[in-house]
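Take a look at the structure below.
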């Protein structure tokens, strides 16, 4: 496989996908067109406007972008595509739409056969085994929480360390993930903003500017430096 | 109805339920026993330990507490109960357990017929129309997101204002609720910690120390002072 699952599309103070530019030139090397999957975006901007945002960035890499919503037959579009990018937004809406349209398995099959895939935030959640470690609000009810399983674990994008000065009684991210582990025997990769997971052939590594926090049942959480294997 | 739906069980720096004590004396006036519903708590502490926490507080009000998990026939226990308290934790786990055991409708029926009910956090979420405005992580897959509808709107407990200094790209609470409104025609009550909703007869008001933030489709969010009607 040839995959990037990124914590976020945009770093604080940065431009859209800018921090990933060199990696994306490598990921999509030799491609002149990819399909953008805009389904995570719950309004405010339309699928077309959201696709235009991706289009703007990829034009600088001489890669044209088609939105999956533009096709009458999205299953066929996935099978004829050269590569994919799923943008962030609300994971419940993204997973519901992919299941409702019967696309999750087709997308997974095409990525597992080697087509390059970029996911950001919600688009990274669907690379995990299931979406049960998303941070998003359950604004719609998906027919299933199951995802593509490009990696043998779950992802928590936008991983956020506890904020000591916050006088608030809501659970920290770490507490939430530890609660997940009481109900599921699945490793969770907490991806801080600035980090991404790289699948290249049979290797899976954590990359980027930040350490990555790993959660497993029966262990204290621990950290991996960029470049570490996640297998 | 005779109901309190509280944002949180515990204020920062305070003790369990302490800030609600006077209200709870009024809510449960004349009762010597209530049933505690501990199902939101995903491990770390058992149902029995969690029930003991509630028991410790209510003993000071001369009210004894039985955990719903103690009964072989929880449906019958709900129908013979005098009042209820559902504690916080993970809303997905709470709603899944209530639906799996077939208890949601029985609980709702008993509260709507006048038995006093206290919900905190996840226990307040289930008083809304559905759980689609919870902050919790979807660690389990409930058979439905539908809840009791004690109030004709949804609740967002632990409502948190944006933190301007946070250099993080995750969505603010307000953004998440606005995304909910793109998919659902349901009013959302953002309950800051220190606030609660009081149903007393045919009145529904917001109470406590904080203003309450209201979200409706097609309107800018607005605020209500304590004592305002939510009808």
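Protein chains in written order, with the working numbering: chain L, 1107 to 1337; chain B, 1107 to 1337. Glycine is no exception: its CB is placed at the ideal position from the N, C-alpha and C atoms. Here the structure is a predicted model, which means the values were calculated and not measured.
Inset, instruction - Consider the Cβ of residue 1205(B): report whether some Cβ of chain L lies at a distance smaller than 8 Å. - result: no
Legend entry - Uninterrupted alpha helix (DSSP H) stretches inside the segment 1255-1284 of chain L (no shorter than 4 residues): none
Legend entry - According to DSSP, residues forming a beta bridge with residue 1304(B): 1110(B) and 1311(B)
Inset, instruction - Verify the CB distance criterion: does residue 1188(L) have a CB-CB separation below 8 Å to chain B? - result: It does not; no Cβ of chain B falls within 8 Å.
Legend entry - Within-8 Å CB hit, residue 1196(B) to chain L: yes
Inset, instruction - Look at residue 1114(B) and residue 1263(B) and say whether their C-beta atoms are less than 8 Å apart. - result: yes
Inset, instruction - Just the C-alpha distance for residue 1133(B) and residue 1287(L), rounded to the nearest angstrom, thanks. - result: Distance between the alpha carbons of residue 1133(B) and residue 1287(L) is about 36 Å.
Inset, instruction - Please work out which residues of its chain come closer than 7 Å, Cβ to Cβ, to residue 1148(B), disregarding the five sequence neighbours upstream and downstream, and give them in chain order. - result: 1195, 1196, 1199 and 1245.
Legend entry - Beta-carbon neighbours of residue 1193(L), restricted to chain B and to distances below 9 Å: Here the premise fails: no neighbours, minimum Cβ distance about 13 Å.
Inset, instruction - Decide yes or no for the touch test of the segment 1175-1192 of chain B against the segment 1226-1235 of chain B: beta carbon pairs closer than 8 Å, at least 3 of them. - result: Three or more Cβ pairs drawn from the segment 1175-1192 of chain B and the segment 1226-1235 of chain B lie within less than 8 Å of each other, which places the two stretches in contact.
Inset, instruction - Check whether the Cβ of residue 1186(B) lies closer than 7 Å to any heavy atom of the ligand ATP, and answer yes or no. - result: With respect to the ligand ATP, the structure shown offers nothing to examine, as it has no ligands at all.
Inset, instruction - Can you check the segment 1116-1168 of chain B for any beta strand (DSSP E) of at least 3 residues that lies completely inside it and give the ranges in chain order? - result: 1139-1143
Inset, instruction - Please name the residue, chosen from 1186(B), 1267(B), 1290(B) and 1218(B), that lies closest to residue 1324(B) on a Cα-to-Cα basis. - result: Considering only alpha carbons, the answer is 1290(B).
Legend entry - C-alpha gap between residue 1268(L) and residue 1186(L), whole angstroms: 44 Å
Inset, instruction - Measure the CB-CB distance between residue 1239(L) and residue 1294(L) and report whether it falls below 8 Å. - result: Yes, the Cβ-Cβ distance between residue 1239(L) and residue 1294(L) is below 8 Å.
Legend entry - Three-state secondary structure (DSSP) of residue 1213(L): helix
Inset, instruction - Go to residue 1230(B), then tell me how far its alpha helix (DSSP H) extends in each direction, as first and last residue. - result: 1228-1231
Legend entry - Contact set between the segment 1285-1300 of chain L and chain B, restricted to residues whose Cβ is under 9 Å from the partner: Under the 9 Å Cβ criterion, the segment 1285-1300 of chain L contributes 1285, 1286, 1287, 1288, 1289, 1290 and 1299.
Inset, instruction - Please name the residue in 1175(B), 1315(B) and 1162(B) whose C-alpha comes closest to that of residue 1154(B). - result: 1175(B)
Legend entry - Coarse secondary structure for residue 1329(L), derived from DSSP in three states: strand
Legend entry - Within chain L, the residues that residue 1239(B) reaches when beta carbons sit closer than 7 Å: 1243
Inset, instruction - Give the residues from the segment 1259-1273 of chain B that approach chain L closer than 7 Å (Cβ to any Cβ), ordered along the chain. - result: 1264, 1266 and 1273
Legend entry - Nearest-angstrom Cα separation, counted from residue 1285(B) out to residue 1251(L): Our two residues, residue 1251(L) and residue 1285(B), have alpha carbons roughly 19 Å apart in a direct line.
Inset, instruction - Could you list the residues in the segment 1111-1128 of chain B with a C-beta less than 9 Å from some C-beta on chain L, going in chain order? - result: Residues passing the 9 Å Cβ filter: 1113, 1114, 1115, 1116, 1117, 1118 and 1119.
Inset, instruction - Measure the C-alpha to C-alpha separation of residue 1077(B) and residue 1179(L) and round it to an integer number of angstroms. - result: This structure leaves residue 1077(B) out entirely; chain B is present only between 1107 and 1337.
Legend entry - Where residue 1252(L) falls: helix, strand or coil (DSSP): DSSP places residue 1252(L) in strand when its eight states are reduced to three.
Inset, instruction - Under 7 Å between beta-carbons, which chain C residues line up against residue 1251(L)? List them in chain order, please. - result: The chain labelled as chain C is not found among the protein chains of the depicted structure, namely L and B.
Inset, instruction - Compute the distance between the beta-carbons of residue 1297(L) and residue 1279(L), then report whether it is under 8 Å. - result: Taking 8 Å as the cut-off, the beta carbon of residue 1297(L) is found no closer than this to the beta carbon of residue 1279(L).
Legend entry - Own chain partners of residue 1207(B) with C-beta closer than 7 Å, once the 5 adjacent residues on each side are dropped: 1180
Legend entry - Cβ-based burial, residue 1299(L) [other Cβ within 10 Å; buried from 16]: buried
Legend entry - Environment of residue 1282(B) [buried if 16+ CB atoms lie within 10 Å]: Buried is the call here.
Inset, instruction - Measure from the alpha carbon of residue 1110(B) to the alpha carbon of each residue in 1209(B), 1309(B) and 1328(B), then state which is nearest. - result: 1309(B)
Inset, instruction - Give every residue of the same chain whose Cβ lies closer than 8 Å to the Cβ of residue 1243(B), excluding the five residues on either side of it in the sequence, and list them in chain order. - result: Contacts found: 1196 and 1198.
Inset, instruction - Go ahead and pull the three-state DSSP assignment for residue 1335(B). - result: strand
Legend entry - Cβ-based burial, residue 1230(B) [other Cβ within 10 Å; buried from 16]: With 16 or more other Cβ atoms within 10 Å, it is buried.
Inset, instruction - Could you tell me whether the Cβ atoms of residue 1303(B) and residue 1336(B) are closer together than 8 Å? - result: Yes; because the gap between Cβ atoms is below 8 Å, this pair is in contact.
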